[in-house]
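Participant: Pasting in a structure now, in structure tokens, and then I'll have a few things to ask.
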Amino acid sequence: MGIVVRQSLKAGLGSYIGVGIGIVNQMYVSTKFLSVEQLGLSRLLLENSLLFAAFAHLGTPFIADKFFSLFRDDEEGHNGILPFLLFLPFIGGIIFGIFYLIFTPAIHAYFAENSPMLLKYHFLVIPLTTFWIYITVLEAYCRNNSRIAVPNFIREVYLKIANVLLILMFGFGWLSFEVMLYLYVASYGLAIIILFGYIKQIGKLYWRRPNRKILTKKLVRQMLGYGSFTLLGGLGVSLMLFIDRTMVAGEKGLISAGIFIIATYLAGIIEIPRKAIAQISIPLISAALVQGDYAHVRTMNQKSALNQLIAGGVVFLLIWSNIDDIFFLIPKGATYGTGKYVVLFLSLVKVFDIATGLNTEIIMYSKFFKFSTLFIIVSAVIGLLLNIWLIPIYGILGAAIATALTTFVYSMARMTFVWHKFGVLPFTNKTIQVAIILVILYGLTLLTPEYHKTILSSMFMMALRSSIILLLFIVLIVRFKISEEINDLVTGLQKRFLK
-19 MGIVVRQSLK AGLGSYIGVG IGIVNQMYVS TKFLSVEQLG LSRLLLENSL LFAAFAHLGT
41 PFIADKFFSL FRDDEEGHNG ILPFLLFLPF IGGIIFGIFY LIFTPAIHAY FAENSPMLLK
101 YHFLVIPLTT FWIYITVLEA YCRNNSRIAV PNFIREVYLK IANVLLILMF GFGWLSFEVM
161 LYLYVASYGL AIIILFGYIK QIGKLYWRRP NRKILTKKLV RQMLGYGSFT LLGGLGVSLM
221 LFIDRTMVAG EKGLISAGIF IIATYLAGII EIPRKAIAQI SIPLISAALV QGDYAHVRTM
281 NQKSALNQLI AGGVVFLLIW SNIDDIFFLI PKGATYGTGK YVVLFLSLVK VFDIATGLNT
341 EIIMYSKFFK FSTLFIIVSA VIGLLLNIWL IPIYGILGAA IATALTTFVY SMARMTFVWH
401 KFGVLPFTNK TIQVAIILVI LYGLTLLTPE YHKTILSSMF MMALRSSIIL LLFIVLIVRF
461 KISEEINDLV TGLQKRFLK
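Residue 257 in the numbering used here sits at position 277 of the sequence shown; the count goes up by one each step and never skips.
Okay, structure coming up:
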């Protein structure tokens, strides 16, 4: 377990560094040096690549996680699993490339009127998708060799730093926008080379034929069947995450897409605490489900839901109470500020989603795991239809409403399913207490007097407002003993500092 703990701590550090770099990039560097249209274009290239990679890899990362243990043997070079894992997405990449080229006329027709700038560079999606495929596959291979820190650092730190540096070089006039995009794509290719070098450095670059005694035709069919099924889930998730901004670009143009992307990034900050809580809870949830201990599952789900609501709720409160100052301070804030209510709709539904607890994890690690994919696919279809309906009418606000409704339906479906199958609900009386505290604190922020906005006054008011909210929130949460975990943490800190 020692290597797992060390790798997890290193990976966690890399993730938080990546979050910091991402905030600086999205809220200052990109908004300052890129036009709104250029920002929308560069993000769409990346996010469409993520969307296409979700099915072009043919489920290979999931296959690696599921079946790697059958091949694990360092003395036998893991029985040739690495070449197989590299060959399968190669086929998927070729199929994707052919279909993308076939549908190129349709892509031109969709974006020609409102986003003509995208047409000049959309072909970069092909190499970028290919690079993403192999990054995820090599990450899966490293993960199954108990090595996650360096791959995580490459994804969360290296790629983001490379993006920031390239934007700065463009902003200082050292690169043209076109060259910046080419180098941006090339940075992902370099990530693959670095991953191969790392795998070789740790002595896991085994290049030999797959062991036919293990990789039988029957097992290959099982692998492809499992990969196909999980692929549908991955594709559904990607559609839910990225289809809205692509449709905004097609219907309303790249400027609207850029505004929408920044707004969704702000709302996405709310989910950061949830990821950490979920990662800690997954092994415990899985073990309890195996043992059929649904009472423990219920307790864990309610505690996780409560703590996620506390963490995500206060982040939402900090963002929304300071939203006008945030948009005042970021470059081109007057333009990006038109997405203010996009932030509100997406933030509210994200707070609700995290408050429903670990329903996704409970379903995925139970015998009903196939329903998780079903919910995702149905939700993706609903989201697509809502976007088709609402974007032409309401623009970016319509996309926000569509995504919010889709997320709400998805959350309710998972929560209802878990309640029906396991008798587990995430809400308690303490959930209501947290909601009341959040509403009261937000009401207090409305008492802020009007003031003339300058850079200094906005920064001062943000700091003052945020400090008051955090202080009052912590005091009330601890005073009413809403979360055992938070009270235990506070007690431990008091004992340490009062010694």
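We treat Cβ as the ideally placed atom computed from N, Cα and C, and that holds for glycine.
For a test of the three-state rule: what should DSSP assign to Glu93, helix, strand or coil?
Facilitator: Looking at Glu93 - three-state DSSP - the assignment turns out to be coil, as it is neither helix nor strand.
Participant: For Gly177, count neighbouring Cβ atoms within 10 angstroms of its own Cβ and tell me buried if that reaches 16, exposed if not.
Facilitator: Gly177 is exposed by the Cβ-count criterion.
Participant: I need the straight-line Cα distance from Arg476 to Val455, nearest angstrom please.
Facilitator: Those two C-alpha atoms are separated by around 19 Å.
Participant: Should the segment 147 to 154 be called in touch with the segment 76 to 91, which here means at least 3 C-beta pairs below 8 Å?
Facilitator: The answer is no - the segment 76 to 91 does not touch the segment 147 to 154, with fewer than three Cβ pairs under 8 Å.
Participant: Out of Gly214, Glu119 and Ser218, point me to the one whose CA is closest to Ile173's CA.
Facilitator: When each option's Cα is compared against that of Ile173, the closest is Glu119.
Participant: If you reduce the DSSP assignment to three classes, tell me which class Thr196 lands in.
Facilitator: Coil, per DSSP.
Participant: Quick check on this structure: which residue in Pro107, Asp224 and Ala33 has the alpha carbon closest to the alpha carbon of Ile371?
Facilitator: Taking only the C-alpha atoms, the option nearest Ile371 is Asp224.
Participant: Might you give, ordered along the chain, the residues of its own chain that have their beta carbon closer than 6 Å to the beta carbon of Ile(-3), omitting 5 neighbours on each side?
Facilitator: Around Ile(-3): Val137.
Participant: Does the separation of the CB atoms of Ala384 and Val329 fall below 7 Å?
Facilitator: Yes, the Cβ-Cβ distance between Ala384 and Val329 is below 7 Å.
Participant: In angstroms with no decimal places, state the Cα-to-Cα distance between Val470 and Arg459.
Facilitator: Their backbone Cα atoms lie some 11 Å apart in a straight line.
Participant: Identify which residue in Leu324, Ala267 and Phe296 has its Cα closest to the Cα of Met344.
Facilitator: Answer by Cα proximity: Ala267.
Participant: Which residue comes first and which comes last in the alpha helix (DSSP H) that contains Pro69?
Facilitator: From DSSP, the alpha helix (DSSP H) with Pro69 extends over Ile61 to Ile82.
Participant: State buried or exposed for Arg254, treating a residue as buried only when at least 16 other CB atoms are found within 10 Å of its CB.
Facilitator: Buried is the call here.
Participant: Helix, strand or coil, according to DSSP, for His58 in the structure here?
Facilitator: Of the three classes helix, strand and coil, the one that applies to His58 here is helix, per DSSP.
Participant: Taking all protein chains shown into account, decide if Gly(-18) is buried (16 or more other Cβ within 10 angstroms of its Cβ) or exposed.
Facilitator: For Gly(-18), the pLDDT reaches just 44, beneath the cut-off of 50, and the residue's location in the model is therefore unreliable, leaving the point undetermined.
Participant: Which of the three DSSP states is assigned to Ser156 in this structure?
Facilitator: It is coil, neither helix nor strand.
Participant: Rounded to the nearest angstrom, what separates Ile128 and Cys122 at their Cα positions?
Facilitator: Roughly 6 Å between the two C-alpha positions.
Participant: I need the DSSP call for Lys461, collapsed to helix, strand or coil.
Facilitator: Correct three-state label for Lys461: coil.
Participant: Can you tell me where the alpha helix (DSSP H) with Gly403 in it begins and where it stops?
Facilitator: Taken as a continuous stretch (DSSP letters only), Gly403 belongs to no alpha helix (DSSP H), as it is neither H nor E.
Participant: From the DSSP output, in three-state form, read off Asp496 for me.
Facilitator: No statement about residue 496 is possible, as the shown extent of the chain runs from -19 to 479 and does not include it.
Participant: If contact is defined by three or more beta carbon pairs under 8 Å, each pair taking one atom from either stretch, is the segment 197 to 207 in contact with the segment 341 to 356?
Facilitator: No, they do not touch.
Participant: Identify which residue in Glu93, Thr318, Gln6 and Phe407 has its Cα closest to the Cα of Arg23.
Facilitator: Cα-wise, what sits closest to Arg23 is Gln6.
Participant: Could you check if Asp305 is buried or exposed, using at least 16 other CB atoms within 10 Å of its CB as the buried criterion?
Facilitator: That one is buried.
Participant: Using C-beta distances below 6 Å, list every residue in its chain close to Ala34, excluding the 5 sequence neighbours before and after it, in chain order.
Facilitator: Gly214, Leu215 and Ser218, listed in sequence order.
Participant: Which word fits Met203, buried or exposed, when buried means at least 16 other C-beta atoms lie within 10 angstroms of its C-beta?
Facilitator: Buried: at least 16 other Cβ atoms inside 10 Å.
Participant: Keeping to the same chain, check which residues put their C-beta closer than 7 Å to that of Leu98; ignore five residues upstream and five downstream.
Facilitator: For Leu98, where only same-chain residues beyond five positions count, the Cβ hits under 7 Å are Leu21, Leu24, Phe91, Ala229 and Leu234.
Participant: Could you name each continuous alpha helix (DSSP H) segment of 4 residues or more that falls completely within the segment 202 to 269, going from the start of the chain to the end?
Facilitator: Within the segment 202 to 269, the complete alpha helix (DSSP H) runs of at least 4 residues are 234 to 248.
Participant: Identify the continuous alpha helix (DSSP H) that holds Lys350 and give its terminal residues.
Facilitator: Per DSSP, Lys350 belongs to the alpha helix (DSSP H) from Phe349 to Tyr374.
Participant: Under 6 Å Cβ to Cβ from Leu163, same chain only, skipping five residues before and after it: list those, please.
Facilitator: Within the same chain, Leu163 has close Cβ partners Leu146.
Participant: With distances taken between CB atoms, is the gap from Thr386 to Gly363 smaller than 7 Å?
Facilitator: Their beta carbons are under 7 Å apart, which means Thr386 touches Gly363 by this criterion.
Participant: Along the chain, which unbroken stretches of the alpha helix (DSSP H) at least 4 residues long are found entirely within the segment 116 to 194?
Facilitator: For the segment 116 to 194, whole alpha helix (DSSP H) runs of length 4 or above, ordered along the chain, are 129 to 133, 139 to 151 and 157 to 181.
Participant: Applying the 10 Å Cβ sphere with the 16-neighbour rule, what's the burial state of Arg135?
Facilitator: Its Cβ being crowded by 16 or more others within 10 Å, Arg135 is buried.
Participant: Confirm, please, whether the CB-CB distance from Ile249 to Tyr316 is below 7 Å.
Facilitator: It is not a contact, given that the beta carbons lie outside the stated cut-off.
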